[in-house]
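Undergrad:
In UniProt numbering, the protein residues as written are 1 to 164.
Spelled out as structure tokens, the structure:
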């Protein structure tokens, strides 16, 4: 898995180098990210952190799109000297024109097995389920009332995700 990730990162860096006619330092790549995030780019450390569980479950799409989403953050930070926004024009340009990928900010992977919010609550809204973290769930058990942001009614414990 690590080899496929490194290969994809190298491929994207080569595309960027051909486009901008300059070399970029290769990042350190770690497969140590947990939770619902698929990836993170740490510009100041030239580091990519990726979620191994989501990579395993969505390998083809993850390699193409998630890595293709994170690498432009590092490239944009190195190429454009001025302070830039994380999802600004520079990032969008690299996504769409250099890597030929849609400039989407979020993924739609099933995170139920990696979620840090495995406790499901309901409210008065039709068909709405609200996931809470273990900390908030424990506080609710001890008497803290959490309200739905839409209907303003108290949340009611429903179930725990099956993987917990």
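All C-beta atoms, glycine included, are put in the ideal place defined by N, C-alpha and C.
Please work out which residues of its chain come closer than 8 Å, Cβ to Cβ, to residue 156, disregarding the five sequence neighbours upstream and downstream, and give them in chain order.
TA: What you label residue 156 is simply residue 156 of the chain shown in a count that begins at 1. Result list for residue 156: 121, 122 and 123, in chain order.
Undergrad: What beta strand (DSSP E) runs, 3 residues minimum, are completely inside the segment 35-69?
TA: Counting only runs of 3 or more, we get 39-42 and 47-50.
Undergrad: What three-state label does DSSP hand residue 157 in the structure shown?
TA: On the chain shown, residue 157 is found 157 positions in, with the first residue counted as 1. The answer is strand: DSSP assigns residue 157 an E or B state.
Undergrad: So, for residue 159: in the same chain, excluding its five sequence neighbours on each side, which residues have a beta-carbon less than 6 Å away from its beta-carbon?
TA: Here residue 159 is taken as the residue at index 159 of the chain shown, counted from 1. These residues qualify, in order along the chain: 120.
Undergrad: Alpha carbon to alpha carbon, what distance is there between residue 74 and residue 5?
TA: Along the chain shown, read from residue 1 onward, the residue named residue 5 stands at position 5. Along the chain shown, read from residue 1 onward, the residue named residue 74 stands at position 74. Each residue's alpha carbon lies about 16 Å from the other.
Undergrad: Going by DSSP in three states, residue 129 sits in which element: helix, strand or coil?
TA: In the chain shown, the residue the question calls residue 129 occupies position 129. DSSP places residue 129 in strand when its eight states are reduced to three.
Undergrad: In the DSSP output, which residue or residues are listed as bridge partners for residue 30?
TA: Taking the chain shown and counting its residues from 1, one reaches residue 30 at position 30. Residue 30 is bridged to 49.
Undergrad: Between residue 72 and the ligand GTP, is the CB less than 6 Å from at least one heavy atom?
TA: In the structure on display, the ligand GTP does not appear, and there are no ligands present to speak of.
Undergrad: So within the segment 78-148, which uninterrupted beta strand (DSSP E) runs reach at least 3 residues, ignoring any that extend past its ends?
TA: As far as the segment 78-148 is concerned, its whole beta strand (DSSP E) runs of at least 3 residues are 119-122 and 129-132.
Undergrad: Does residue 8 come out as helix, strand or coil in the three-state DSSP assignment?
TA: The residue you call residue 8 lines up with position 8 of the chain shown. Helix, per DSSP.
Undergrad: Quick one: what does DSSP say residue 18 is sitting in, helix, strand or coil?
TA: Taking the first residue of the chain shown as position 1, residue 18 is located at position 18. Correct three-state label for residue 18: helix.
Undergrad: Closer than 6 Å by C-beta to residue 52: which residues in its own chain qualify, once you throw out the five before and the five after it? Chain order, please.
TA: Counting from 1 along the chain shown, the entry for residue 52 is found at position 52. 31, listed in sequence order.
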